[in-house]
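**Student:** Residue numbers (full-length UniProt numbering): 1 to 123.
By construction, the Cβ of each residue, glycine as well, lies at the ideal position given by its N, Cα and C atoms.
Just so it is clear, the structure is predicted and the values come from calculations on it, not from any experiment.
Next up is a structure, given as structure tokens.
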Amino acid sequence: MPNPTAPIVLSDFLDYARNLRDGEDWVAFRPGVTAHWFYNEGGGGPAAVLLRYEAGARVALHEHVGYEQLYVIEGDQYDEYGAYPAGSFIVNPPGTRHSPGSRSGCIALLIYEKAVRFVEAGE
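Written out as structure tokens, the structure reads:
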């Protein structure tokens, strides 16, 4: 992760996100979902991450305890509220519960105010 006292600047963010290397830049997050962290304060604090879903992957039901901003960079994502193609921007307010997935696979940027609380056991 970058130095937390310096700004994170990516002049061509979309190109950066699409060209991350398998096995080097992505770490396991959930079954079928890998993560590339920009920052993660830990202890339930703020975080920014790229999530890459394999086709058919889905994250277990969870509740947002702070705001989450989500931008679908490529592919598709869906949840209980709708389907979101590339270019979609979604804000999930505190109290939102959902289980996001991707039919064809996707890369999405997520910025969390606070860590989520998983509702389903085993997550």
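Which same chain residues end up closer than 8 angstroms to residue 79 when comparing Cβ atoms and leaving out the 5 residues on each side of it in sequence?
**Tutor:** Start at 1 with the first residue of the sequence shown, and residue 79 comes out as number 79. The residues are 98, 99, 100 and 101.
**Student:** When you compare the CB positions of residue 57 and residue 27, do they come within less than 8 angstroms of one another, or not?
**Tutor:** Position 57 of the sequence shown, counted from the first residue, corresponds to residue 57. Position 27 of the sequence shown, counted from the first residue, corresponds to residue 27. No, Cβ-Cβ distance for residue 57 and residue 27 is not below 8 angstroms.
**Student:** On the three-state DSSP scale, how would you describe residue 47?
**Tutor:** By one-based count along the sequence shown, residue 47 stands at place 47. If DSSP states are grouped into helix, strand and coil, residue 47 belongs with the strands.
**Student:** Measuring straight from C-alpha to C-alpha, what distance separates residue 71 and residue 107?
**Tutor:** Residue numbering aside, residue 71 sits at position 71 when the sequence shown is read from its first letter. Residue numbering aside, residue 107 sits at position 107 when the sequence shown is read from its first letter. Each residue's alpha carbon lies about 9 angstroms from the other.
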